[in-house]
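Numbering (our numbering), first residue to last: 195 to 422. The beta carbon of each residue, even a glycine, is placed where N, CA and C say it ideally should be. On a predicted model such as this, the values are computed, not experimentally measured, just so you know. Comments concern the structure below.
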Amino acid sequence: MKKNLKTVIRSLVSLILIIYLIGLGVVVVYLYLRFKGISQTLETAKNTTNGSIVTSIQPDENDQLLTCNQYCYQEIEDIVNQAVATLSSSTKETIIEKQTVVNQPTGGSDFIPMGTTFSTTSTSWVDVPDSVVYFDLINDYGDKATVSWESSLKVAYGSGKAFARLYDGTNNIAVDYSEISTENNSEFQRVTTGNLPFWRGHNLYKVQIKSLNSFLVTYSGGKIKVSY
Numbered sequence: 195m196k197k198n199l200k201t202v203i204r205s206l207v208s209l210i211l212i213i214y215l216i217g218l219g220v221v222v223v224y225l226y227l228r229f230k231g232i233s234q235t236l237e238t239a240k241n242t243t244n245g246s247i248v249t250s251i252q253p254d255e256n257d258q259l260l261t262c263n264q265y266c267y268q269e270i271e272d273i274v275n276q277a278v279a280t281l282s283s284s285t286k287e288t289i290i291e292k293q294t295v296v297n298q299p300t301g302g303s304d305f306i307p308m309g310t311t312f313s314t315t316s317t318s319w320v321d322v323p324d325s326v327v328y329f330d331l332i333n334d335y336g337d338k339a340t341v342s343w344e345s346s347l348k349v350a351y352g353s354g355k356a357f358a359r360l361y362d363g364t365n366n367i368a369v370d371y372s373e374i375s376t377e378n379n380s381e382f383q384r385v386t387t388g389n390l391p392f393w394r395g396h397n398l399y400k401v402q403i404k405s406l407n408s409f410l411v412t413y414s415g416g417k418i419k420v421s422y
């Protein structure tokens, strides 16, 4: 397509050059005939004055040629103007301004369930069996995301203390500041942490619970909250 366009442009430029050369030739002929006619008129006037010879001036046949040349020149000029206009129209570049749309973050929160209900009397940390989840905070939610977690705990007979925490099974460490607890509550009590420093990467997380003094403690409805 580009090759054809270049060929058309070259042809039009050549045509315009030829037309202008023809026009230049017409102008030269016109000036020559005009000069010749003036010279003949001056010569006739001179002879009439000096020799008292009356010469009947016949219509110059070149007038007809001159009229034709002027008409032809006008036609040539019109053709040239039309060709230039056509060339300009065909090579005119259309510029479309590109509009860039930036999607602004709207923000939101996701909750990741961490198991159902589980009880123990152990005074050592025990895994909640159905609480295992995998996720990558940065890749899944972006580097601006923050994470916290919450859970409900209770102690049998309202006597004792229940503990729960998040454990990073990939890096084999407890998540810093994730430990929560309730004390002397026989009904479920909801506890929430602040923002937690999760390690980078696609890691395994699970819940661990324990009892302070071997009284039955129960965990329920834990979930991680991701804000982005």
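Original post:
Any idea what DSSP makes of L206, helix, strand or coil?
Top reply: Three-state result, L206: helix.
Subject >> Sequence ranges, beta strand (DSSP E) only - wholly within the segment 338 to 370, length at least 3 >> reply: Within the segment 338 to 370, the complete beta strand (DSSP E) runs of at least 3 residues are 340 to 349 and 355 to 362.
Subject >> Rounded C-alpha distance that separates G309 from Y361 >> reply: Whole-angstrom Cα-Cα distance: 13 Å.
Original post:
Do A339 and L347 have their C-beta atoms closer together than 9 Å?
Top reply: No Cβ-Cβ contact shorter than 9 Å links A339 with L347.
**OP:** Ignore the nearest five residues each way along the sequence and tell me which others in F365's own chain have a CB closer than 7 Å to its CB.
**Re:** With the sequence shown as reference, residue 365 is identified as Asn, and Phe is not the correct amino acid for it. Once the five neighbours on either side are set aside, the close Cβ partners of N365 are W393 and N397.
Original post:
Do R359 and V369 come within 9 Å of each other at the CB atom, strictly closer than that value?
Top reply: Against a cut-off of 9 Å, the Cβ pair of R359 and V369 comes out as a contact.
Original post:
With burial defined as no fewer than 16 other Cβ atoms inside 10 Å of the residue's Cβ, what is the status of F305: buried or exposed?
Top reply: Exposed.
Subject >> L390 - containing beta strand (DSSP E), residue span >> reply: Taken as a continuous stretch (DSSP letters only), L390 belongs to no beta strand (DSSP E), as it is neither H nor E.
**OP:** In angstroms with no decimal places, state the Cα-to-Cα distance between T315 and V411.
**Re:** If you take the alpha carbons of T315 and V411, they lie about 6 Å apart.
Subject >> Opening and closing residue of the beta strand (DSSP E) in which Y335 lies >> reply: Note, Y335: premise wrong, no beta strand (DSSP E); alpha helix (DSSP H) at L331 to Y335.
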